[in-house]
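Only one structure is covered here, and it is reproduced in the block below.
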Amino acid sequence: MRCPGCYAFDAAHLGSQTQLRDLSDFRGEALITRVLALLDEHKPLHVSLVGGDPLVRYRELDSLLPQIESRGIHTQVVTSAFREIPSAWKALKKLNVVVSIDGLQPEHDARRKPATYERILNNIRNANITIHCTITSQIAGRPGYLDEFLGFWCRRPEIVKVWFSIFTPQRGATDPEILSPSQRVATIAYLKRLRVKFPKLDMPESVIQELAAPPQHPDACIFARTTKIISADLNTLVTPCQFGGVPDCAQCGCIASMGLAAVGHHRVAGPLTAGQIFMASDRVGKLWRIFQRKLLRKPLNRSVPSAFNILAPEEPERAPWLRRT
Ligand code: SF4
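Just so we're on the same page, my numbering is the position in the sequence shown counted from 1, plus 10.
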């Protein structure tokens, strides 16, 4: 697949050493077994299976999803819906199927063929779907565009909710998709109005407000610090977040990052925020792991699974005897 704007195939996505198309991946039983082994090792709360397109490995996915759910893990499948979403997946209570849409039909079809509007509408008719759209400069520059977009998707019964992100560039990039500062301000105000008009727009005002002041670097990003992103060979890590490379945090528009930033700014007691508690806990956890590694004289195990990110403790437990004491 070669959808324009896809960051996974960006030359910098996996750092300077390798590119996604150079990695070998797994299929069949090997893929299922290795993904489950990774989940059992990392014990995530949530796993996102992302593109390329996870539905390329449709049979493996169909087998994996119930097994992931039986482990109590929440799963998100992010797809272009180029293939039919099975109606049986509706029975999976911890599954969220997210379909990526690049704007209204003329713009989307030009960028996403063969996953055109017509094909998507046919492939999601028996499913529960979250729509995700990344707002680009071209979209932000057209008055009323998002009204029209939400009007189209929100009236459809199979659509449960809609999310928007804002295009996130790499540092120093000049992509035509990048919003100007004034477009960003106007878009934030526009989203606040839209969430009142369209209840399926699942973006609380506190999350939208975070777009005005994103984390300035990955160390300040709760999302980046709580996820582990593993590429298609089930081994290569993507850092510092799902965008890879050197993302321009100051222009970040990722809804997941903004969601966790909003949680981080939530006051839990007086001036104390959830984010301050998290950062302190994260620092203590990292020191504890360094202490364990030194004690056991073991290197960090960086051998982990494909195209998914994990919201979980960063390293597996390495010393059960220490835990008991
Ligand atoms: S998710 Fe956004 S804020 Fe967080 S590290 Fe990535 S680009 Fe930076």
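Each residue gets a CB set at the ideal place from its N, CA and C atoms; glycine is no exception.
No experiment lies behind these values; they were computed from the predicted model shown.
P191 to A222 span [Cα, whole Å]: In a straight line, the C-alpha of P191 is about 10 Å away from that of A222.
Per-residue DSSP class, three states only, for R312: Note on R312: pLDDT 46, under 50, position unreliable in the model; the coordinate value appears next. The three-state secondary structure of R312, taken from DSSP, is coil.
Segment contact, 8 Å Cβ cut-off, at least three pairs: the stretch 62-78 with the stretch 31-49: Touching, per the Cβ criterion.
Residue span of the alpha helix (DSSP H) that contains S147, given as start and end: Residues S147 to A150.
Sequence-distant residues of its chain with Cβ nearer than 7 Å to I320 (five each side left out): The predicted position of I320 is uncertain, since its pLDDT is 39 and thus under 50; a value taken from the coordinates is nonetheless stated next. H52, P54, V57, T237 and K238.
Nearest to A196 (by Cα), restricted to the options G154, S80, C231 and S216: Considering only alpha carbons, the answer is G154.
Boundaries of the beta strand (DSSP E) in which H84 is found, first to last residue: Start and end: H84 to T89.
With 16 other Cβ atoms within 10 Å as the buried cut-off, status of R194: Counting Cβ neighbours within 10 Å, R194 comes out buried, since at least 16 surround it.
Chain-order list of residues whose beta-carbon lies under 7 Å from that of L24 (same chain, five-residue window excluded): Residues of the same chain with a CB within less than 7 Å of the CB of L24, apart from the 5 flanking positions on each side, are L30, S241, T246, V248 and G254 in chain order.
Environment of A290 [buried if 16+ CB atoms lie within 10 Å]: Counting Cβ neighbours within 10 Å, A290 comes out exposed, since fewer than 16 surround it.
Any residue whose CB is nearer than 6 Å to a heavy atom belonging to ligand 1, listed in chain order: Cβ-based neighbours of ligand 1 within the cut-off: T178, P224, P225, P228, C231, F233, A234, P250, C251, F253, P257, C259, C262, C264 and S267.
For E187, the nearest candidate out of K103, P96 and C262 (CA to CA): The residue with the shortest Cα to Cα distance from E187 is C262.
Whether L65 touches V45 by CB criterion (8 Å): No, the pair does not count as a contact, with Cβ atoms beyond the cut-off.
Alpha-carbon spacing of F159 relative to I130, whole angstroms: Roughly 15 Å separates the two Cα atoms.
Contact check, I232 vs L270, beta carbons under 8 Å: In this structure, L270 lies closer than 8 Å to I232 by Cβ.
Beta bridge counterpart(s) of V107 as assigned by DSSP: Within the DSSP bridge table, the entry for V107 names V87 and I139 as partners.
Cβ distance (whole Å) where V172 is taken to contact I141 below 8 Å: Their Cβ separation, rounded to whole angstroms, is 5 Å, which keeps V172 and I141 in contact under 8 Å.
Boundaries (first-last residue) of the beta strand (DSSP E) holding S34: Here S34 belongs to no beta strand (DSSP E), and DSSP marks it neither H nor E.
Inter-residue Cα distance where the pair is D50 and L306: Rounded to the nearest angstrom, the two C-alpha atoms are 22 Å apart.
Assigned exposure category for W163 - 16 Cβ within 10 Å defines buried: By the neighbour-count rule (16 or more Cβ atoms within 10 Å), W163 is buried.
Check whether Q180 and P76 have beta carbons under 8 Å apart: Contact check for Q180 against P76 fails: the beta carbons are separated by 8 Å or more.
For A137 and S97, believed in contact at Cβ under 8 Å, the rounded distance: About 7 Å separates the two Cβ atoms, so the contact holds.
With 16 other Cβ atoms within 10 Å as the buried cut-off, status of T28: By the Cβ neighbour-count rule, T28 is exposed, with fewer than 16 other Cβ atoms within 10 Å of its own.
Run of the alpha helix (DSSP H) containing L204, from where it starts to where it stops: P191 to K207 is the span of the alpha helix (DSSP H), which, as asked, contains L204.
R135 to G151 span [Cα, whole Å]: Cα-Cα distance, rounded: 31 Å.
Contact under 8 Å by Cβ, F92 with C143: For F92 and C143, no; Cβs fall outside 8 Å.
Three-state secondary structure assigned by DSSP to T43: Three-state result, T43: helix.
Neighbour-count burial assignment, A18, 16 or more Cβ in a 10 Å radius: By the Cβ neighbour-count rule, A18 is buried, with 16 or more other Cβ atoms within 10 Å of its own.
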